[in-house]
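In this note's numbering, the protein residues as written are 9 to 120. All residues carry an ideal CB built from backbone N, CA and C; glycine is no exception.
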């Protein structure tokens, strides 16, 4: 999973949970610049993964709500599957390394 895909997955998760989140709040949550958030949101909008709409009853009509589209929900699920598969592979690799180190320590402990 590329860093861009990781960022998109994080945005999709946050937007799904908090549709009314502002771009500055999103930038702070992600630890990236406002420009980067705008770029990532545009990419998700262009792909049809999210849609943005004004609040109907909001005093500030410049505020948006970001909603996941059916394509966005599918993308979020696929990105989550990919992320999980990668993390499971990393876990197995680390576990094998730990097991090897423990075995090595056991051999050295027996020699003492």
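Run through the DSSP bridge pairs and tell me what residue i is partnered with.
i          : result
residue 62 : 72
Using DSSP with H/G/I as helix, E/B as strand and the rest coil, what is residue i?
i          : result
residue 98 : helix
residue 27 : coil
residue 45 : helix
residue 57 : coil
residue 10 : coil
residue 80 : helix
residue 39 : coil
Could you round the C-beta distance between residue i and residue j to whole angstroms and report it? I think they count as a contact, below 8 Å.
i          : j          : result
residue 38 : residue 15 : 7 Å
residue 57 : residue 80 : 4 Å
residue 95 : residue 21 : With a Cβ gap of about 15 Å, residue 95 and residue 21 do not count as contacting.
residue 19 : residue 53 : About 11 Å separates the two Cβ atoms, so there is no contact after all.
Near residue i, what residues of its chain come up, given a Cβ to Cβ distance below 6 Å and the 5 sequence neighbours on each side ignored?
i          : result
residue 51 : none
residue 34 : 45
Of all the options the options, which has the alpha carbon lying nearest to the alpha carbon of residue i?
i           : options              : result
residue 72  : 41, 111, 46 and 109  : 46
residue 26  : 82, 74 and 98        : 74
residue 121 : 100, 114, 55 and 104 : Residue 121 lies beyond the residue range present for the chain, which begins at 9 and ends at 120; the question has no answer from this structure.
Taking 8 Å as the limit between beta carbons, can you name the residues of its chain near residue i, skipping five residues before and five after?
i          : result
residue 29 : 22, 23, 37 and 74
residue 9  : 17, 87, 90, 91 and 94
residue 76 : 20, 23, 24, 57, 58 and 84
Which same chain residues end up closer than 7 Å to residue i when comparing Cβ atoms and leaving out the 5 residues on each side of it in sequence?
i           : result
residue 114 : none
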